[in-house]
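Engineer: Counting the sequence shown from 1 gives a position; my numbering is that position plus 4.
C-beta atoms are modelled at their ideal positions from N, C-alpha and C, and glycine is treated no differently.
This one's a predicted model, so the numbers in the text were calculated from it and none came from an experiment.
Sending over a structure as C-alpha cells; questions will come in a sec.
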Amino acid sequence: MSLPKPETNTNTFPPISKCEFSTIKHRSIAADLDGTLLKRSAFPYYMLVAIEAGSLFRGLILLLSFPVVAFAYILVSEALAIKILIYISFAGLKVRDIELASRAVLPRFYASDVRSDSFEVFDRCVKKVVVTANPVVMVDAFVKEYLGGEKVLGTEIEVNMKTKRATGFVKEPGVLVGKWKKVAILKEFGEDRPDLGIGDRNSDHDFMSVYKVR
5 MSLPKPETNT
15 NTFPPISKCE
25 FSTIKHRSIA
35 ADLDGTLLKR
45 SAFPYYMLVA
55 IEAGSLFRGL
65 ILLLSFPVVA
75 FAYILVSEAL
85 AIKILIYISF
95 AGLKVRDIEL
105 ASRAVLPRFY
115 ASDVRSDSFE
125 VFDRCVKKVV
135 VTANPVVMVD
145 AFVKEYLGGE
155 KVLGTEIEVN
165 MKTKRATGFV
175 KEPGVLVGKW
185 KKVAILKEFG
195 EDRPDLGIGD
205 RNSDHDFMSV
215 YKVR
C-alpha cells in the first residue's frame, strides 16, 4: 500500500537515464528520497516505525487512516498528508524508541527498495545530501550508513524536552516540501550550489531549479 504516484513533468527535467555518469564524478548532489532514491512512497516505512517503536494497535490505526491520508495528499496538500502520518506514527513515543527502530529495523527494508539508476548517479558524487519530507530521525541512519550520504535535510519532529517524547507535531518551517526544500538547499550550500539535483515530482521542481545540472 502506498500513496498515489506523484505527477511528473518530463518536459521540464530530463529522466535519470539521460545523465552522463562520466560528467558527474566528483561533483556535489542533492537528491529526494521517496520515489527518487527509493522506489516506493514512505507509507510502509511509517507503518514499520509505528509498530516497532509503538505497537500493533498504533500500526492498525495508521493503516485505517490510509484513506484519510490519501484524500489529504490528492485534494489538499502533500504537507498535510505527511503531518497526519507523523502525528499518528510518532505522537507520544519516546524519541529513543523511534531512533532505535529507525536504526535497527528500517535500513534493511530501505536497502531492498533502492533504485539502482538513481543510486548509481548519487554514489558517484563526492558531497551527497538527501533532501526529503520524511522526518530526519527516521532516515538519517540509513542515508549516512547505507547510502553514504553526508547529510539529511528533512522534516524535524517536535519533542517534549521534559518527557523526551515526540509530540506528533513538526518544528518550523513545517514539512519539508516544495519551496522549503529549496530554502534548505540554499541555506546548506550557500553560493556554492550543488552540481546535480534529482527528484521525482512536480513539488520537487522548485528545489531542483537551483542546481547547475537537473
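When the Cα atoms are used, what is the spatial distance from R128 to K148?
Structural biologist: Reading the sequence shown from its first residue, position 124 is the one you call residue 128. Reading the sequence shown from its first residue, position 144 is the one you call residue 148. Their Cα atoms are separated by approximately 15 Å.
Engineer: Considering Cα atoms alone, identify which of D199, T171, L151 and L190 is closest to I88.
Structural biologist: Position 84 of the sequence shown holds residue 88. Taking only the C-alpha atoms, the option nearest I88 is T171.
Engineer: Using the C-alpha atoms, what's the distance from K132 back to V187?
Structural biologist: Locating residue 187 in the sequence shown gives position 183, counting from the first residue. Locating residue 132 in the sequence shown gives position 128, counting from the first residue. C-alpha separation (whole angstroms): 17 Å.
Engineer: With distances taken between CB atoms, is the gap from V143 to L97 smaller than 9 Å?
Structural biologist: Locating residue 143 in the sequence shown gives position 139, counting from the first residue. Locating residue 97 in the sequence shown gives position 93, counting from the first residue. Taking 9 Å as the Cβ cut-off, V143 and L97 do not qualify as a contacting pair.
Engineer: Should the segment 148-163 be regarded as contacting the segment 62-75, the criterion being three or more beta carbon pairs within less than 8 Å?
Structural biologist: Taking 8 Å as the limit for Cβ pairs, the verdict is that the segment 62-75 does not touch the segment 148-163.
Engineer: Rounded C-beta distance between P139 and I90? I'm assuming under 8 Å.
Structural biologist: The residue labelled residue 139 in the question sits at position 135 within the sequence shown. The residue labelled residue 90 in the question sits at position 86 within the sequence shown. Sure, about 6 Å apart at Cβ, within 8 Å.
Engineer: Rounding to the nearest angstrom, what Cα-Cα distance links S213 and K155 in this structure?
Structural biologist: On the sequence shown, position 209 is the one that residue 213 refers to. On the sequence shown, position 151 is the one that residue 155 refers to. Distance between the alpha carbons of S213 and K155: 20 Å.
Engineer: Can you give the Cα-Cα distance for Y49 and G203, rounded to whole angstroms?
Structural biologist: For the purposes of this step, residue 49 is taken as the residue at position 45 of the sequence shown. For the purposes of this step, residue 203 is taken as the residue at position 199 of the sequence shown. When rounded, the distance between both Cα atoms is 19 Å.
Engineer: What runs of the beta strand (DSSP E), each 3 residues or longer, lie entirely inside the segment 138-167?
Structural biologist: Listed in chain order, the complete beta strand (DSSP E) runs (minimum 3 residues) inside the segment 138-167 are 155-159 and 161-164.
Engineer: Going by beta carbon distance, what residues of the same chain come within less than 8 Å of V134, once the five residues before and after it are set aside?
Structural biologist: Locating residue 134 in the sequence shown gives position 130, where the first residue counts as 1. Taken in chain order, the residues that qualify are A34, A35, D36, L37, L41, V143, V147, L151, G153, K155, V156, L157 and G158.
Engineer: Taking I189 as part of the beta strand (DSSP E), name the residues at either end of that continuous run.
Structural biologist: Here residue 189 corresponds to residue number 185 of the sequence shown, with the count starting at 1. Premise fails: I189 lies in the alpha helix (DSSP H), K183 to F193, not in any beta strand (DSSP E).
Engineer: Could you tell me which residues DSSP puts in a beta bridge with G201?
Structural biologist: In the sequence shown, residue 201 corresponds to position 197, counting from 1. Paired residue(s): A34.
Engineer: Assign V125 to one of three DSSP states: helix, strand, or coil.
Structural biologist: Sequence index remark: in the sequence shown, residue 125 carries index 121 (1-based). Helix at V125.
Engineer: Using the DSSP secondary-structure output, state which residues sit across from V134 in a beta bridge.
Structural biologist: The residue you call residue 134 lines up with position 130 of the sequence shown. V134 pairs with A35 and V156.
Engineer: In the DSSP assignment, the beta strand (DSSP E) including A76 goes from what residue to what residue?
Structural biologist: By one-based count along the sequence shown, residue 76 stands at place 72. First-last for A76: F70 to L79, but that is the alpha helix (DSSP H), not the beta strand (DSSP E).
Engineer: How long is the line joining the alpha carbons of F94 and A54, rounded to whole angstroms?
Structural biologist: The sequence position of residue 94 within the sequence shown is 90, counting from 1. The sequence position of residue 54 within the sequence shown is 50, counting from 1. The straight-line gap from Cα to Cα measures roughly 7 Å.
Engineer: Tell me which same chain residues have a C-beta within less than 7 Å of the C-beta of A76, skipping the five on either side of it?
Structural biologist: Here residue 76 refers to the residue found at position 72 of the sequence shown. These residues qualify, in order along the chain: L84, A85 and I88.
Engineer: Grouping DSSP H, G and I as helix and E and B as strand, with all else coil, what is R119?
Structural biologist: Stepping through the sequence shown from its first residue, residue 119 is reached at position 115. Looking at R119 - three-state DSSP - the assignment turns out to be coil, as it is neither helix nor strand.
Engineer: Based on Cα-Cα distance, which residue from I78, A115 and A137 lies nearest to K175?
Structural biologist: Residue 175 sits at position 171 when you count from the first residue of the sequence shown. Taking only the C-alpha atoms, the option nearest K175 is A137.
Engineer: Our contact map puts K43 next to R119 with C-beta atoms below 8 Å; I'd like the distance itself, whole angstroms only.
Structural biologist: Locating residue 43 in the sequence shown gives position 39, where the first residue counts as 1. Locating residue 119 in the sequence shown gives position 115, where the first residue counts as 1. Rounded, the Cβ-Cβ distance is 5 Å, consistent with contact.
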